[in-house]
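Protein chains: 2
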Amino acid sequence: MTATSSDVARLAGVSRATVSYVVNNGPRPVSDETRARVIAAIQQIGYRPNELARNLRTKRTFTLGLIVPDTHNSYFSEVARGIENIAFEQGYTVFLCHSGSNLIREMQYVNMLQDQRVAGVIWIPGTVDFTPYHKLKEYGVPAVVIDRLVPDEVVPAVVADNYQGGFLATTHLIDLGHQRIGFIRRHVDMSHSQGRYDGYLSALHAHSIEIDDNLVVKGGFTLDDGRRAVKALLELRHPPTAVFAYNDTMAIGGLRAAHEAGLNVPNDLSIVGFDNIALSGFTCPALTTVHLPKFEMGQHGTKLLISLIEKKESPGDLLTPLGVKLIVRESSSIPPNGDPKRSN
Amino acid sequence: MTATSSDVARLAGVSRATVSYVVNNGPRPVSDETRARVIAAIQQIGYRPNELARNLRTKRTFTLGLIVPDTHNSYFSEVARGIENIAFEQGYTVFLCHSGSNLIREMQYVNMLQDQRVAGVIWIPGTVDFTPYHKLKEYGVPAVVIDRLVPDEVVPAVVADNYQGGFLATTHLIDLGHQRIGFIRRHVDMSHSQGRYDGYLSALHAHSIEIDDNLVVKGGFTLDDGRRAVKALLELRHPPTAVFAYNDTMAIGGLRAAHEAGLNVPNDLSIVGFDNIALSGFTCPALTTVHLPKFEMGQHGTKLLISLIEKKESPGDLLTPLGVKLIVRESSSIPPNGDPKRSN
DNA sequence: ATGAAAGCGCTAACAG
DNA sequence: CTGTTAGCGCTTTCAT
């Protein structure tokens, strides 16, 4: 059916070895005259080398595995884009694996990827269980973790600088004149949450604002969690004038709670959230968002992984924290509150 | 390094053939006693069959290629999720390929996927050029097109029912009492645009509303295109009271134009848009959105592709139009206009 | 019910 | 500079 190197060899009147040397530009030299004949034959029959066969022979592939918890929010798809961007550039193709934040499925994919003998894996953990990473190590597959730090272990990872983001966001609110700033964190304390919280504390400290524990609310991560958290904050004797939410979904939930309480955002209450969950290109005008460099994180992680695969020195430190961009208001936003009405 | 079937065979005291029969449950029977020994050996050394080798031998893979124009909007990532969902279920893994709406890159990926001898390809065209599809056919690779119809050719494809969507959206506006409804279409007329436009016309016709060509504006597809289009509509002697935009990005642009003109949306001007570009889980409260069944489209396409690969009868017709969901207002939306202020 | 052996398409060491 | 050959790890016909 499909042409093989034997077909090319026969047509060009050379051996299969020579075809290989032409295709791979080595490892042995080929005379210009022969090379031209081989290339002509390749084009004539539309020969494409079988990657499966060469991978089997060379015991090396140019495929990567990408395991993500989900992709229906912009976070993971942006990261995936960054990953695929570098992978393509370096001649790798990537297997896309959605774990759905399910450990069992993560493990299934780890096995499937090992079966394919991928050169390396980029893993965005979906749970707090790091067994998938250890299994990869057991298989001898290089792996890079994105977005989470493995506790008590030094592992190649790319994480955003959540501390810096928390600091920036809080400072932004302070610069706006706020002194009572609420913070909504996660229940299960993942490294992000802690970093953002630490940044929050530092910013308050730097401006000699005393910390009020009543302003810190622990809650899940959903829209409704955010709504409840802000509701609780607004019911305090001394409610905050601004809120910093762990993520943008909760920020939106907070926005709803504010509306329900008859408050206008941002006039009566400023809300800031990280953009890792809900929002994509379009930003809710009333909210201020801390933008994570998702695409860049994907790029960085892939560079790191490939350097690991190719046994180069890793680029700089293994842990590559990335900055965050604080964007006060998206340029594509819509004016926050109603403009003067026009009579119909 | 990694264990092979020979290692298993040696340990279990059987031949490599027997190991194969155990791993594949056939094609020859194996006695229970032998099978048990083989399985024990497999587990003991953590043997994983090399997919590369078995694919080479059987001349068949369980990998699919997925070529998408981009993934930083929810449209493609939702479709990708649907695809991967079915693929996993059927034992396939998928190569993710971002073409960036670039024909050259699409062709490069077509070649890379052929090199990997993928069993089939799902392609979401990024341009109006269908050469990638024809190249796949030339390679003998089954392919399914998602979201676009190939002109003048019958090709396995999954498309949303844009006509139905256009009809629903327009009917919705009519039910709201609108009689003058603007329509913003695309410049380069792709099949979506035409379908949505036809639906618009039908709905008007069904309610005996006369068609006013002045209310139909042709424009690109970006936020700013939408803004300009609505601006133009509002400057008409008889401006529309409602607008139906080809996509949600343009709808958002229209929202801005309305604000700039001092109009309140949806009170003074209703806007409806398809959700294929900008919005993800979070919907802009002032807008009404026609939701495309993205996840389901991905699922459908993959089922179709696999049935093609496995030479089953294709499920029903090759062209599988899907319905659309009209959602009047997202439950997660925020009240459109400012509520009564609270004194600070 | 199992073993021996051939060969998938390719690369690379061995020969000239 | 090029041809011959051995095998990568697996499946499957041929034997027994």
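These protein sequences, in sequence, are chains A and B.
Just so we're aligned: 100 in the numbering used here is position 100 of the first sequence, and the numbers increase by one with no gaps anywhere.
Going from the second sequence to the numbering used here is simple: count from 1 and add 1000.
Backbone N, C-alpha and C fix where the C-beta goes; we use that ideal spot for every residue, glycine too.
Exercise for review: Can you give me the Cβ contacts of B:Ser1015 inside the same chain, cut-off strictly under 8 angstroms, excluding the 5 residues immediately before and after it?
Suggested key: For B:Ser1015, where only same-chain residues beyond five positions count, the Cβ hits under 8 angstroms are Ala1009.
Practice item. Can you give me the start and stop residues for the beta strand (DSSP E) that B:Val1218 sits inside? Key: As written in the sequence, residue 1218 of chain B is Lys, which differs from the Val given in the question. In the DSSP assignment, B:Lys1218 falls within the unbroken beta strand (DSSP E) covering Val1216 to Lys1218.
Practice item. Report the neighbours of B:Glu1051 on chain A: residues whose CB is nearer than 8 angstroms to its CB, in chain order. Key: For the C-beta of B:Glu1051, the chain A residues within less than 8 angstroms are, from N- to C-terminus, Asp115, Gln116 and Arg117.
Exercise for review: Please say whether B:Tyr1246 and B:Arg1148 have beta carbons closer to each other than 8 angstroms?
Suggested key: Contact: no.
Check your understanding: Hey, out of A:Leu136, A:Met250 and A:Asp268, whose CA is closest to A:Arg180's CA?
Key -> Nearest option by C-alpha distance: A:Asp268.
Practice item. Using a Cβ-Cβ cut-off of 8 angstroms, state whether A:Glu296 counts as contacting chain B. Key: Taking Cβ atoms only, chain B never reaches closer than 8 angstroms to A:Glu296, which makes this a no.
**Study point:** Spatial distance of B:Gly1082 from B:Val1155 (CA atoms)
**Key:** Taking the Cα positions, B:Gly1082 is about 21 angstroms away from B:Val1155.
Exercise for review: Output the distance between the C-alpha atoms of A:Leu255 and A:Arg196, rounded to the nearest integer angstrom.
Suggested key: If I take the Cα positions, the gap works out to 20 angstroms.
Point to revise | Spatial neighbours of B:Ile1086 in its chain, beta-carbon cut-off 8 angstroms, leaving aside the 5 residues before and after | key: Apart from the 5 residues on each side of it in sequence, B:Ile1086 sits with its Cβ closer than 8 angstroms to the Cβ of Gly1298, Gln1299, Thr1302, Lys1303 and Ile1306 in its chain, given in chain order.
**Study point:** Cα-Cα separation, A:Arg54 to A:His205
**Key:** Cα to Cα, A:Arg54 sits roughly 60 angstroms from A:His205.
Exercise for review: For A:Asn111, go through chain B and note every residue whose CB falls closer than 7 angstroms to its CB, in chain order.
Suggested key: Arg1048, listed in chain order.
Check your understanding: In this structure, does DSSP put A:Phe62 in helix, strand or coil?
Key -> Coil at A:Phe62, not helix or strand.
Practice item. Could you tell me how far apart the beta carbons of B:Ala1143 and B:Thr1063 are, in whole angstroms, since I believe they sit closer than 8 angstroms? Key: Incorrect: roughly 14 angstroms between the Cβ atoms, too far for contact.
Point to revise | Min CB distance A:Thr93 to chain B below 8 angstroms | key: Against chain B, the CB of A:Thr93 has a partner CB under 8 angstroms away; the residue lies at that interface.
Review point. Can you round the beta-carbon distance between A:Gly219 and A:Asn162 to whole angstroms, since I take them to be within the 8 angstroms contact cut?
Key: Their Cβ separation, rounded to whole angstroms, is 18 angstroms, which puts A:Gly219 and A:Asn162 out of contact at 8 angstroms.
Exercise for review: Going by DSSP, name the residue or residues bridged to A:Ile184.
Suggested key: In the DSSP assignment, A:Ile184 forms a beta bridge with A:Val217 and A:Ala245.
Review point. Checking contacts by CB at 8 angstroms: is B:Ala1257 closer than that to chain A?
Key: Not one chain A Cβ lies under 8 angstroms of B:Ala1257.
Review point. Looking only at DSSP bridge pairs, what is A:Phe274 linked to?
Key: Bridge partners of A:Phe274: A:Val290.
Point to revise | Contact set for B:Tyr1139: own chain, Cβ-Cβ below 7 angstroms, skip 5 residues either direction | key: Answer for B:Tyr1139: Gln1114, listed in chain order.
Check your understanding: Whole-angstrom Cβ separation of A:Asp275 and A:Met250, contact assumed at under 8 angstroms?
Key -> Cβ-Cβ separation between A:Asp275 and A:Met250: approximately 12 angstroms, too far for a contact (criterion under 8 angstroms).
Practice item. For B:Lys1325, I'd like the list of residues in its chain whose CB is within less than 7 angstroms of its CB, leaving aside the five on either flank, ordered along the chain. Key: His1291 and Pro1293.
**Study point:** Beta carbon proximity, B:Ser1005 to chain A, threshold 8 angstroms
**Key:** No, B:Ser1005 does not count as interfacial toward chain A.
Check your understanding: What are the uninterrupted segments assigned as beta strand (DSSP E) that are 3 or more residues long and contained completely in the segment 12-91 of chain A, given in chain order?
Key -> Look at the segment 12-91 of chain A and you find these whole runs of beta strand (DSSP E), each 3 residues long or longer: 63-68.
**Study point:** For B:His1098, the three-state DSSP class (helix, strand or coil)
**Key:** Three-state DSSP puts B:His1098 in a strand.
Review point. So which residues on chain B does A:Glu84 lean against when the C-beta distance must stay under 9 angstroms?
Key: In chain order: Thr1071, Leu1096, Cys1097 and His1098.
Exercise for review: Take the Cβ of A:Asn25 as the centre, count every other Cβ of all protein chains shown within 10 Å, and call the residue buried at 16 or more, exposed below.
Suggested key: Residue environment: A:Asn25 is assigned as exposed (fewer than 16 neighbouring CB atoms within 10 Å of its CB, all protein chains considered).
Review point. Where does A:Leu223 fall in DSSP's three states?
Key: A:Leu223 falls in the helix class under three-state DSSP.
Practice item. Using 10 angstroms around the beta-carbon of B:Ser1005, count the other beta-carbons present and answer buried if the total reaches 16, otherwise exposed. Key: The residue in question, B:Ser1005, is buried, as its Cβ has 16 or more Cβ neighbours within 10 Å.
Check your understanding: How would you list, in chain order, the residues of chain B whose beta-carbon sits under 8 angstroms from the beta-carbon of A:Asn55?
Key -> Ordered by position in chain B, the residues that pass the 8 angstroms Cβ test against A:Asn55 are Leu1052.
Check your understanding: How big is the Cα-Cα spacing for A:Gly338 and B:Tyr1075?
Key -> In this prediction, A:Gly338 scores a pLDDT of 31, lower than 50, which makes its location untrustworthy; the coordinate-derived value is nonetheless stated afterwards. Roughly 30 angstroms between the two C-alpha positions.
Practice item. Within its chain, find whatever has a CB closer than 7 angstroms to the CB of B:Gln1194; leave out the 5 residues flanking it on each side and keep chain order. Key: The answer is none, since no qualifying residue turns up.
Review point. Is B:Val1128 buried or exposed, if buried means 16 or more other CB atoms sit within 10 Å of its CB?
Key: By the 16-neighbour rule on beta-carbons within 10 angstroms, B:Val1128 is exposed.
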